[in-house]
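Inspection log for the structure reproduced underneath, given as structure tokens.
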Amino acid sequence: MFNMAQLVFTFTVFNKFYCMIQLSFWEKESFFAPQDIIIVGSGFVGLWSALQLKLKNPAYKITILERGIIPTGASTRNAGFSCFGSPSELLADVVSMGEDKMWQLVEMRYKGLMEIRKHFTEASIEYDGCGGYECFTSESDDWNDSFKKLDWLNKGLQNITGHKNLFTITDEKISQFGFRGFDHLIENRLEAGLHSGKLVQVLLQKVQGLGVQVLTGIEVKSYQSHHHGIELETASIAYEGNNLSFTTGQLLLCTNAFTRQLFPTIDIIPNRGQVLITAPIDNLSFKGTFHFDKGYYYFRNVGNRLLLGGARNKAFELENTTDMQTNEIIQTALEEFIQQHLLPGITYTITDKWSGIMAMGSEKSPIIQSISSNVYCCVRMSGMGVALAPFVAKEIATLMN
Ligand SMILES: Cc1cc2nc3c(=O)[nH]c(=O)nc-3n(C[C@H](O)[C@H](O)[C@H](O)COP(=O)(O)OP(=O)(O)OC[C@H]3O[C@@H](n4cnc5c(N)ncnc54)[C@H](O)[C@@H]3O)c2cc1C
Numbered sequence: 000m001f002n003m004a005q006l007v008f009t010f011t012v013f014n015k016f017y018c019m020i021q022l023s024f025w026e027k028e029s030f031f032a033p034q035d036i037i038i039v040g041s042g043f044v045g046l047w048s049a050l051q052l053k054l055k056n057p058a059y060k061i062t063i064l065e066r067g068i069i070p071t072g073a074s075t076r077n078a079g080f081s082c083f084g085s086p087s088e089l090l091a092d093v094v095s096m097g098e099d100k101m102w103q104l105v106e107m108r109y110k111g112l113m114e115i116r117k118h119f120t121e122a123s124i125e126y127d128g129c130g131g132y133e134c135f136t137s138e139s140d141d142w143n144d145s146f147k148k149l150d151w152l153n154k155g156l157q158n159i160t161g162h163k164n165l166f167t168i169t170d171e172k173i174s175q176f177g178f179r180g181f182d183h184l185i186e187n188r189l190e191a192g193l194h195s196g197k198l199v200q201v202l203l204q205k206v207q208g209l210g211v212q213v214l215t216g217i218e219v220k221s222y223q224s225h226h227h228g229i230e231l232e233t234a235s236i237a238y239e240g241n242n243l244s245f246t247t248g249q250l251l252l253c254t255n256a257f258t259r260q261l262f263p264t265i266d267i268i269p270n271r272g273q274v275l276i277t278a279p280i281d282n283l284s285f286k287g288t289f290h291f292d293k294g295y296y297y298f299r300n301v302g303n304r305l306l307l308g309g310a311r312n313k314a315f316e317l318e319n320t321t322d323m324q325t326n327e328i329i330q331t332a333l334e335e336f337i338q339q340h341l342l343p344g345i346t347y348t349i350t351d352k353w354s355g356i357m358a359m360g361s362e363k364s365p366i367i368q369s370i371s372s373n374v375y376c377c378v379r380m381s382g383m384g385v386a387l388a389p390f391v392a393k394e395i396a397t398l399m400n
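Right, here's the structure in full:
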């Protein structure tokens, strides 16, 4: 056993060793050599962007810098819905952003989902074409509005997907699914669930296979443009005390909810989302991805477990944060929702609770733009980055030189 004096001594020597570590000639010539493009952030958007940039020009030298050991924002911490918009959410979007922008967003998501299917097998990402549903109570405005506008929504969706009558009323499934307190269901047969962790893993493998370097545990603190390129100042626990700087011709920020740290004036509000999952439940009676209350509640089966997230509307102010804790107000609201609607009278155990951080703003559309000479950003994926990321990545790859 160490005593306190030995521990302090060991820590000091250890710390000194790290403070003094210098990059070798070999390291400077390889891992830390100047790049054509540096991408900050290895979530869905960073990884899809790297893939699209490599497909555009295989000769690009690309490095992704990620401050976590794995991506640590939203991409591995979401609900894994492969969806493009429930009826009440689309109608709410018409009010907040207008018809044209709402349909543009649906098209981006739908095309993004097609892109996922193009690159990865169902088995590799546990893609489950289970169908998506929105649940309603009969007295709600959401139901009345969605019912009235169903034909209009279906026509718009047909223009984008080529599929007729995508939204269908399937109330008869409510009792089959064992739900209580819902009066109506609208189904979208094209929606699905997938495994977000596995999607990030296969994306990582794919881009690394194409020669993209992914360095983790490195936080980008600031960047400065010089005549010879853009220089990045970084912080890394392993290289503490060392000036670990990177040079690149172009810089792409894929930092979503955390972008204000590097670009303070950007229109982004961080939004925490909380999720829980149960232990396997015998004879779980529903299968699919589900939304309720304009998407404020979302739930799905993962095998025979129930995954539930949302209830952000119970504490809006509290959830405008980049802090990845969970909190009692939201978790209690989620549990009440399970008992009231999803598993009435059924015993269940919650095995995991977690949160992730989304990026919202005054508008719902993503920000895909140049922010200064050779510096770009592709951020603000709101609550649908699974679908949006592959599409916005193509857009940013086209915009970059
Ligand atoms: C609880 C929850 C549920 C969700 N459910 C769904 C869903 O079912 N379907 C869906 O489509 N979408 C869902 N979303 C939204 C979706 O997950 C996000 O839109 C998407 O993951 C955003 O991807 P991104 O790459 O832009 O951001 P992120 O995944 O957040 O990646 C940004 C990365 O940048 C890194 N980073 C930040 N700053 C720096 C820096 N200075 N230096 C180095 N690295 C940095 C972070 O560590 C992070 O890894 C959900 C989100 C949450 C939180």
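For the sequence shown, counting from 1, position 248 maps to 247 in numbering that gives the first Met the number 0; every step adds exactly one.
Cβ atoms here follow ideal geometry from the backbone N, Cα and C, with glycine treated the same way.
What do you reckon, are the CB atoms on residue 123 and residue 197 nearer than 8 Å? Position 124 of the sequence shown holds residue 123. Position 198 of the sequence shown holds residue 197. Cβ atoms of residue 123 and residue 197: closer than 8 Å.
So, using beta-carbon positions, are residue 111 and residue 187 closer together than 8 Å? The sequence position of residue 111 within the sequence shown is 112, counting from 1. The sequence position of residue 187 within the sequence shown is 188, counting from 1. No, the pair does not count as a contact, with Cβ atoms beyond the cut-off.
Could you tell me if the beta carbon of residue 312 falls within a distance shorter than 7 Å of some heavy atom in ligand 1? Your numbering for residue 312 matches position 313 in the sequence shown. No, ligand 1 has no heavy atom inside 7 Å of this Cβ.
Kindly confirm or deny that the stretch 77-88 and the stretch 177-192 touch, where touching means at least three C-beta pairs closer than 8 Å. yes
Within the present structure, is the beta-carbon of residue 253 separated from the nearest heavy atom of ligand 1 by less than 7 Å? Start at 1 with the first residue of the sequence shown, and residue 253 comes out as number 254. Indeed, a heavy atom of ligand 1 lies less than 7 Å from the Cβ.
Going by Cα to Cα distance, which pick from 300, 279, 247 and 204 is closest to residue 43? As a first step, residue 43 is located in the sequence shown; it is residue number 44 there, counting from the start. Considering only alpha carbons, the answer is 204.
Using the three-state DSSP reduction, which class does residue 11 fall into: helix, strand or coil? As a first step, residue 11 is located in the sequence shown; it is residue number 12 there, counting from the start. Any reading at residue 11 needs caution, since the residue's pLDDT is 45, under 50, leaving its predicted position unreliable; the model's value is listed next. DSSP places residue 11 in helix when its eight states are reduced to three.
Quick check on the burial criterion: 16 or more other C-beta atoms within 10 angstroms. Buried or exposed for residue 225? Residue 225 sits at position 226 when you count from the first residue of the sequence shown. Exposed.
List the DSSP bridge partners of residue 225. Here residue 225 is taken as the residue at index 226 of the sequence shown, counted from 1. DSSP lists 228 as partners of residue 225.
C-alpha distance - residue 229 paired with residue 249, whole-angstrom precision: In the sequence shown, counting from the first residue as 1, residue 229 sits at position 230. In the sequence shown, counting from the first residue as 1, residue 249 sits at position 250. Going by the C-alpha atoms only, they are around 7 Å apart.
I'd like to know if the stretch 320-327 and the stretch 343-350 are in contact, where contact means that at least 3 CB-CB pairs between them fall below 8 Å. no
In its own chain, which residues sit with a C-beta less than 6 Å from the C-beta of residue 390, not counting the 5 before and 5 after it? Reading the sequence shown from its first residue, position 391 is the one you call residue 390. Answer for residue 390: 107, 110 and 111, listed in chain order.
Identify the residues that DSSP records as bridge partners of residue 303: which are they? As a first step, residue 303 is located in the sequence shown; it is residue number 304 there, counting from the start. None; residue 303 has no bridge partner.
Going by the CB atoms, is the gap between residue 380 and residue 52 shorter than 8 Å? Stepping through the sequence shown from its first residue, residue 52 is reached at position 53. Stepping through the sequence shown from its first residue, residue 380 is reached at position 381. No, they are not a contact pair.
Should the stretch 324-335 be called in touch with the stretch 262-274, which here means at least 3 C-beta pairs below 8 Å? yes
Let me check understanding here. Comparing Cα to Cα, which of 360, 296 and 265 lies closest to residue 134? In the sequence shown, residue 134 corresponds to position 135, counting from 1. When each option's Cα is compared against that of residue 134, the closest is 296.
Taking the alpha-carbon of residue 222 as reference, which of 238, 252, 216 and 207 has the nearest alpha-carbon? As a position in the sequence shown, residue 222 is number 223, starting the count at 1. Nearest of 238, 252, 216 and 207 to residue 222, Cα basis: 252.
Would you say residue 65 and residue 199 are within 8 Å of each other, going by their C-beta atoms? Mapped onto the sequence shown, residue 65 falls at position 66. Mapped onto the sequence shown, residue 199 falls at position 200. Result no, Cβ atoms of residue 65 and residue 199 do not sit closer than 8 Å.
Is residue 267 helix, strand or coil when you go by DSSP? One-based indexing of the sequence shown puts residue 267 at position 268. DSSP places residue 267 in coil when its eight states are reduced to three.
Give the straight-line distance between the Cα atoms of residue 6 and residue 370, rounded to the nearest whole angstrom. Within the sequence shown, numbered from 1, the residue matching residue 6 stands at position 7. Within the sequence shown, numbered from 1, the residue matching residue 370 stands at position 371. Because the pLDDT of residue 6 is 46, which lies under 50, any placement of that residue in the model is unreliable, and the question is left without a value.
Secondary structure of residue 3, DSSP reduced to three states: The residue labelled residue 3 in the question sits at position 4 within the sequence shown. Since pLDDT at residue 3 reaches only 48, below the 50 mark, its modelled position is unreliable, and no value is offered.
Which term fits residue 378, buried or exposed, when burial requires 16 or more other beta carbons within 10 angstroms of its beta carbon? Working through the sequence shown from its first residue, we reach residue 378 at position 379. Residue 378 comes out buried.
Quick one: is the Cβ of residue 386 within less than 7 Å of any heavy atom of ligand 1? Reading the sequence shown from its first residue, position 387 is the one you call residue 386. Result yes, Cβ under 7 Å from ligand 1.
Report the rounded CA-to-CA distance for residue 244 versus residue 308, giving the unit in angstroms. To locate residue 244, count along the sequence shown from 1; it is residue 245. To locate residue 308, count along the sequence shown from 1; it is residue 309. Taking the straight line from one Cα to the other gives about 39 Å.
From 60, 194 and 97, residue whose alpha carbon lies closest to that of residue 362: For the purposes of this step, residue 362 is taken as the residue at position 363 of the sequence shown. It is 97 whose Cα lies nearest to the Cα of residue 362.
According to DSSP, simplified to helix, strand and coil, what is residue 107? Here residue 107 refers to the residue found at position 108 of the sequence shown. DSSP places residue 107 in helix when its eight states are reduced to three.
Can you check which of these residues, 119, 396 and 61, is closest to residue 376 by C-alpha distance? If you number the sequence shown from 1, residue 376 lands on position 377. Residue 396 is the option with its Cα nearest to residue 376.
Buried or exposed: residue 357, going by 16 or more other Cβ atoms within 10 Å of its Cβ? Translated into positions along the sequence shown, residue 357 becomes position 358. So residue 357 ends up on the buried side.
Tell me, please, whether the stretch 175-185 touches the stretch 113-127 by the rule of three or more beta-carbon pairs shorter than 8 Å. no
In whole angstroms, give me the CA-to-CA distance for residue 70 and residue 105. Counted from its first residue, the sequence shown places residue 70 at position 71. Counted from its first residue, the sequence shown places residue 105 at position 106. Roughly 26 Å separates the two Cα atoms.
So for residue 351, helix, strand or coil by DSSP? On the sequence shown, position 352 is the one that residue 351 refers to. Note: residue 351 maps to strand in three-state DSSP.
When 192, 48, 329 and 304 are compared against residue 316, the one with the closest alpha-carbon: Position 317 of the sequence shown, counting from 1, holds the residue named residue 316. Among 192, 48, 329 and 304, the Cα nearest to that of residue 316 belongs to 329.
Between the C-alpha atoms of residue 102 and residue 160, what's the straight-line distance to the nearest angstrom? What you label residue 102 is simply residue 103 of the sequence shown in a count that begins at 1. What you label residue 160 is simply residue 161 of the sequence shown in a count that begins at 1. The alpha-carbon atoms of residue 102 and residue 160 are separated by roughly 11 Å.
I'd like the ranges of any alpha helix (DSSP H) spanning at least 4 consecutive residues and lying wholly in the stretch 161-199. 172-176
Opening and closing residue of the beta strand (DSSP E) in which residue 54 lies: What you label residue 54 is simply residue 55 of the sequence shown in a count that begins at 1. It is not in any beta strand (DSSP E) - residue 54 instead sits in the alpha helix (DSSP H) that spans 43-55.
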